[in-house]
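Engineer: First, the structure itself, so that you have it in front of you.
Number of protein chains: 2
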Amino acid sequence: MQYKAEIHVTLKRTVNDPQGLAIRGGLHSLGYDGVETVRAGKFIEVWLAAESAEEAQRLADEMSDQLLANPVIEDYTVVVTPRSPSQGELPKAEGVPRP
Amino acid sequence: MQYKAEIHVTLKRTVNDPQGLAIRGGLHSLGYDGVETVRAGKFIEVWLAAESAEEAQRLADEMSDQLLANPVIEDYTVVVTPRSPSQGELPKAEGVPRP
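Protein sequences appear in the order of chains A and B.
Quick note on our numbering: the first sequence kicks off at 2 and runs consecutively.
Quick note on our numbering: the second sequence kicks off at 2 and runs consecutively.
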């Protein structure tokens, strides 16, 4: 069975976020004075084969701990959904040829 | 009124994703053979002041077009939610002191 894991990796609240500060600075320069705080994180989509949704969730959690996030400074959340045929062709990391 | 905009920036499907390929390679090296595709993107949280949810949505869309995403190769989605007092203190990009 095919599953898709959507993984958000964000810096812990106690950790300085220079990328977020730079984005906020850029937005202020563009005139967006209402912007108070910006936090920047990663969004990783993993398509994987697993025997059940629980197994897919366990695998994605393990991957996040081992490779995708640095648990010392980052938090992560994993949401697993079954990949239904209606979602169409699997995207390729290589990109697909333009029509 | 305070709003939080959650912005996902992902590469268009037609665009090569070297970071996703590298992550997939790393996961395969760790033994996660069930991983078929990985796509890497950005997750940006923006806390901003606006007069209404519609205004916050419009501002966040504009920011994404102008600074956060490169519309030539990236897609973005924006979800705006009101920031309720129960969500507690606003995180600081500078990080907060450890207790």
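Backbone N, C-alpha and C fix where the C-beta goes; we use that ideal spot for every residue, glycine too.
1. Please confirm whether T38(A) and V47(B) have their CB atoms less than 9 angstroms apart.
2. Who pairs with A50(A) in a beta bridge, going by DSSP?
3. Less than 9 angstroms between the C-beta atoms of L49(B) and Y4(B), yes or no?
4. Excluding the 5 residues preceding and the 5 following P100(B) in the sequence, name in chain order all residues of the same chain whose CB lies nearer than 8 angstroms to its CB.
5. Just verifying my parser: in three-state terms, what is the DSSP assignment at D76(B)?
6. Among all the DSSP beta bridges, which residues are the ones paired with H29(A)?
7. Taking the DSSP output, what are the residues bridged to G42(B)?
8. Using only CA atoms, which one of I74(A), Y77(A), M64(A) and V81(A) lies nearest to S30(B)?
9. Quick one: does the C-beta of A6(A) sit closer than 8 angstroms to a heavy atom of the ligand SAM?
10. Comparing the C-beta of R59(B) with each C-beta of chain A, is any distance below 9 angstroms?
11. Would you mind telling me which residues of chain A sit closer than 9 angstroms to E37(B), beta carbon to beta carbon, in chain order?
Structural biologist: Looking at the atomic coordinates:
1. yes
2. Q3(A)
3. The answer is yes: Cβ separation under 9 angstroms.
4. With a pLDDT of 47 at P100(B), under the threshold of 50, the modelled position of that residue is not reliable, and the figure given next carries that caveat. Closer than 8 angstroms at the Cβ level, and outside the excluded window around P100(B), lies no residue.
5. strand
6. Answer is none; H29(A) lacks a bridge partner.
7. F44(A)
8. M64(A)
9. Annotation note on the ligand SAM: not contained in the displayed structure, which lists no ligands.
10. Answer no: the Cβ-Cβ gap between R59(B) and chain A never drops below 9 angstroms.
11. Under the 9 angstroms cutoff, chain A gives Q3, V47, W48, L49, A50 and L91.
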